[in-house]
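Residue numbers for the sequence shown follow the UniProt record's numbering, beginning at 5 and rising by one.
Comments concern the structure below.
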Amino acid sequence: LTERLTGSFGFFKGKKELTETNIEEGLKAVRQALLEADVHFKLAKEFAERVKDRALGEKRLQGVDASDQFVHAVHAELVELMGPEDATLEMAKVGPTIILMAGLQGAGKTTTCAKLAKHLRERHGKRPMLVAADVKRPAAVEQLRVLGKAIGIPVFHEEGVTPPVVCERGVAAAKAQGCDVVILDTAGRLHIDDALMDEVAEIARVTSPHNQVLVVDAMTGQDAIESAKAFHARLTLTGVILTKMDGDARGGAAVSLKEITGAPILFLGAGEKVDDLDPFIADRMAGRILGMGDVVGLVETASQRIDEDEAQAAYEKMIMGSFTLEDMLGMLRMVRKMGPMKKVLGMMPGMGNAAKDLDIDDKQMNRLEALFTSMTRRERLEPEILDMSRRRRIARGSGQELGAVNELLKRFKDMRKMMKQLNKMGLGSMMGGKGK
Ligand code: GDP
Ligand code: MG
């Protein structure tokens, strides 16, 4: 590991001492590595300052060369920022321990509930119960039931009552059945909205959970940060679980999450299976973030942000014919940013009535987006790899039929074909030159 880090900071080679001047280059690399790992620029800047103080403060160490000293300082600061290492779930002294799981749809809540239940039973000898409180999507309840059955953990659900009531009754049922841990799987939304926040805050109010855990998808970069802010505003978060760390996520979110929520990262999700839950080790994460800094291109990070640059980039890509599902998702999100279709149309003269019938369209958009978020980033970038088993997994993950996945892929292919054709006809250049 150290070798890898030293490699990234090779410019210190042979230099015996860190100075105000030669440290600048190193700090620049650190800032860059953090930015590439999706860390907010302000935090990256402050962090670099702290590294500087520490590294220069330790200047008098004997027999250690500049590069080692620098890497050591960076690593130590990262660990400090992401620690403490021994963060654990809080266990109730009397009655069952209640764990509320919150997060956006697709973050991995339901999967993580099952992982956590299994972990607590196997490692801590607990008797957990799962509560399905995502009542909006029948598939969500079924998903938890299937998972619970597979690992032999009871799943509580009740039809026809609100999520806070389901949770209250779940806790009562756990007591009655002698379960000592209750894990509440709440509903997510694709985007932060007041209804979602009200619901989850109400669940927290009526159940007084000992743990309020935020589940965040590490692959979503800045979106992960935004959702953390929103949930932090409404809940008293006690811990974070970062999922999908098995993908190509750089984990920079880990750095910002602690800062934003004030809550430690407890576990990492490292795959789709129920055993893929790892304890969070700040030291290891620091290595991952630093080691990858020089590998991942800045271009990629920039193109993840939904702004004008991305619109332009997606557009140019379309014209070039290298249009991917990731671009299609980007476009979908840009459209959604304008607000629910209904509202947008409702504002147009003469469209008020038509807007009434448009609820369905927003729902369709939700379903569509759920398909995208159930894919890995790699799948979105390389749609060619979407074989039958991957498609089935996506269908399951999004709570939809396989047909919906196929339909989306068909639409994607049509779109790509259209782009290519436009390009051939020379319309590309005609439509281009937007702004630039
Ligand atoms: P929820 O909407 O927050 O309940 O999310 P789900 O638990 O339904 O997960 C959404 C998708 O992410 C599913 O396809 C899961 O299999 C997948 N998923 C969840 N956690 C992980 C993880 O740690 N790694 C990977 N690769 N996939 C995950
Ligand atoms: Mg779920």
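Note that the Cβ used here is the ideal one computed from N, Cα and C, for glycine as well.
In this structure, the beta-carbon distance from LEU261 to ALA232 falls below 7 Å.
Under DSSP, GLN36 forms no beta bridge with any residue. Taking all protein chains in view, the Cβ of PRO88 is surrounded by fewer than 16 other Cβ atoms within 10 Å, so the residue is classified as exposed.
Checking the 6 Å criterion, the Cβ of GLU276 is within range of a heavy atom belonging to the ligand GDP. Inclusion of GLY164 and GLN109 in the CB contact set at 7 Å is not warranted, their separation being larger than that value. In the three-state reduction of the DSSP assignment, GLY182 falls in the coil class.
Inter-residue distance for VAL220 and GLY243 is about 11 Å (C-alpha atoms, whole angstroms).
Taking 6 Å as the cut-off, the C-beta of ASP221 does not count as close to any heavy atom of the ligand MG. Its Cα nearest to that of ARG238, the residue MET201 stands out among SER212, MET201, ILE245. Shown here, VAL244 sits in a strand according to DSSP, grouped into three states. Counted as a single uninterrupted DSSP element, the alpha helix (DSSP H) harbouring LEU148 occupies residues 142–155.
For MET201, the enclosing alpha helix (DSSP H) has its first and last residue at 198–211. In its chain, beyond the 5 residues on either side, ASN215 have a beta carbon closer than 6 Å to the beta carbon of LEU93. Within a 10 Å sphere around the beta-carbon of LEU375 sit 16 or more other beta-carbons, which makes this residue buried. Boundaries around GLY256 are those of the alpha helix (DSSP H), 256–265, since no beta strand (DSSP E) includes it.
In this structure, ALA290 sits near HIS79, with a CB-CB distance shorter than 7 Å. Between the beta-carbon of ILE187 and that of MET105 there is about 6 Å, and that keeps the pair under the 8 Å contact cut. A check of alpha carbon separations from ASP391 across GLU330, GLN404, LEU413, GLY403 identifies LEU413 as the nearest.
Taking a cut-off of 8 Å for Cβ pairs, the segment 95–102 and the segment 176–190 touch, as three or more such pairs fall below it.
Of the other Cβ atoms in all chains shown, 16 or more fall within 10 Å of the Cβ of ILE264; this residue is therefore buried. For PHE45, no pairing in a beta bridge is given by DSSP. GLY273 is bridged by DSSP to LEU281. In terms of CA proximity to ALA222, GLY112 leads the group LEU85, GLY112, MET419. Rounded to whole angstroms, the Cβ separation of ASP282 and ALA274 is 5 Å, and the two are in contact under 8 Å.
Closest option to ASP197, judged by alpha-carbon separation, among VAL217, SER212, GLU230, GLU172: GLU230.
Within the same chain, LYS119, ASP250, GLY273, ALA274 come within 8 Å of ASP280 by CB-CB distance, once the 5 residues on both sides are set aside. Closer than 6 Å to some heavy atom of the ligand MG: that does not describe the Cβ of LYS179. For LYS113, the Cβ falls inside the 6 Å cut-off from some heavy atom of the ligand MG. A Cβ-Cβ contact shorter than 7 Å links LEU148 with ASP189. Checking the 6 Å criterion, the Cβ of GLY255 is out of range of every heavy atom belonging to the ligand GDP. Distance from the CA of ASN370 to the CA of THR23, rounded to the nearest whole angstrom, comes to 54 Å. Closest by C-alpha distance to CYS117, out of GLY407, GLY334, LEU246, ASN26, is LEU246. Secondary structure of GLN404 (DSSP, three-state): coil. CA-to-CA, the gap between GLN404 and ALA143 works out to about 8 Å.
The shortest C-alpha to C-alpha distance from ASP138 to any of ARG415, ASP418, HIS161 is the one to HIS161.
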